[in-house]
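**Student:**
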Amino acid sequence: MQNLKKVIICLGLTFSCLPVFAQVAPYDTTVKPQLISCQFAFTEGASTDKYGNVFFTDQPNNKIWEYDINGKLSVFLDSAGRSNGMYFDRHGNLVTCADEHDQLWSISPKKKIKVLLTNFNGHLMNGPNDIWIDAKGGIYMTDPYYQRNYWTRTKSELDGQKVYYLPKGSHQPIIVDSTIKKPNGIVGTPDGRYLYVADIGDNKTYKYTINKNGTLSNRVLVIEQGADGITLDEEGNIYLCGNGVTIYNPLGKKIGHIAINEPWTANLCFGGKNKDVLFITASTAIYTVKMNVKGVE
C-alpha cells in the first residue's frame with residue numbers, strides 16, 4: 000500500500016508538470032470577422048507598432064496604409080517600393096520587403112527611407128517576402144521567387160529559394176535554410192528561442208531552434224500545412240493564412256479556423272490598444288476579429 004501511494008504521488012507530480020495548451024479559447028466562434036474596407040488592389044504585410052497601430056501594404060498600388068487604434072484609415076507612404084512583408088524594429092522603424100528592386104528597407108517614423116539590403120553576393124534577391132526581427136536587431140527573411148509584372152527579369156539569379164539571416168549592421172545575409180521548397184511566412188517566439196517558417200511550396204510549417212549566432216538548428220515539422228503570413232499569440236498558438244486563418248496549438252493540433260469571404264488571406268497581426276484585435280489582410284480587403292488572447296509581436 001505504501002508503494003502504491005508513492006506511485007500515485009509520483010504520477011500526480013508528473014501530470015502536474017505537463018504543459019497545458021490553449022487554456023483560453025482564442026476567439027468567440029459566433030463572432031464573424033468585421034470588414035473594415037475593401038478599396039484596395041491586394042493587401043499584404045500586416046504589422047503592428049508598439050502602440051497597437053497596424054500598418055499594411057496595398058502592393059499593386061505601391062502604398063503603405065495605417066489603421067490606427069482609433070479606427071482611422073490613412074495612407075502612411077506613397078511610392079513604397081512595392082513593399083510586401085513588414086515588421087517593426089525596437090526603435091520604431093518599419094522594416095519592409097521592398098521587392099520592386101528586391102531590397103530590404105527601413106522606414107523611420109518620419110518616413111525617411113534607409114536601404115538595408117540590395118543583393119546577395121552581387122546577385123538580386125528572388126524577392127524578399129516576409130521578415131521577423133530578433134532582439135539583437137537581426138532580420139530573418141524568406142526569399143521565394145514570385146514573378147512580378149514590374150520586373151524586367153524573368154528568372155531568378157540565385158540557385159534556390161531560401162531562408163536568410165541579416166545580422167544587425169551587415170549588408171550581406173547568411174543562408175540559414177537552403178532546403179525549403181518555397182519559404183513564405185515567418186515569425187519568432189518572443190523569448191527569441193524558436194523560429195517558425197511556412198513552406199508554402201511543400202504545404203508544411205517548420206519550427207527551428209535559434210542559435211546564439213543567428214543560425215538555425217533542430218528543424219521540426221510542426222504542422223502539415225503551409226501558409227502565406229503567420230503569427231503567434233500569448234498562448235503560443237500558431238496562426239496560418241491562406242484559406243482564411245487556421246489556428247494550431249503549439250503541438251500542431253488544429254484548434255480553430257476563421258473563415259474569410261475573400262479569394263485569399265495573405266497576412267495578419269494582432270493590433271489595437273491591448274493587442275487583442277486580429278487584423279487580417281485578404282485580397283482587396285482588410286478585416287478585424289476581437290480575440291480572447293493577445294498577440295506577442
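The sequence shown begins at 0 in numbering that gives the first Met the number 0 and counts up by one. For glycine and all other residues, C-beta sits at the position ideal for the given N, C-alpha and C.
1. Do the region 180-194 and the region 227-242 touch if we need at least three Cβ pairs shorter than 8 Å?
2. Run through the DSSP bridge pairs and tell me what I132 is partnered with.
3. Quick test of your reading: L93 and Q102, contact by CB under 8 Å. State the CB separation rounded to the nearest angstrom.
4. Return helix, strand or coil for P182, following the three-state DSSP convention.
5. How is the beta strand (DSSP E) around Y50 delimited, first residue to last?
6. Please return the same chain residues whose Cβ sits closer than 8 Å to the Cβ of N52, not counting the five positions on each side in sequence.
7. Taking only the alpha-carbon atoms, compute the straight-line gap between L72 and H90 and give it to the nearest angstrom.
8. Should C37 be labelled buried (16 or more other beta-carbon atoms within 10 Å of its own) or exposed?
9. For my contact list, A79 and T56 are in at a C-beta cut-off of 8 Å; report their separation, rounded to the angstrom.
10. Are the C-beta atoms of K211 and some chain C residue less than 9 Å apart?
11. What number of angstroms, rounded off, separates the C-alpha of V30 from the C-alpha of T204?
12. What is the C-beta distance between I35 and I285, in whole angstroms, given that I count them as a contact (C-beta under 8 Å)?
**Tutor:** Reading it off the structure:
1. yes
2. I138
3. That pair is no contact at about 14 Å.
4. strand
5. Note, Y50: premise wrong, no beta strand (DSSP E); not H, not E.
6. E65, Y66, D67, I68 and G270
7. 23 Å
8. exposed
9. 7 Å
10. Here chain C cannot be found, since the structure has a single protein chain.
11. 28 Å
12. 5 Å
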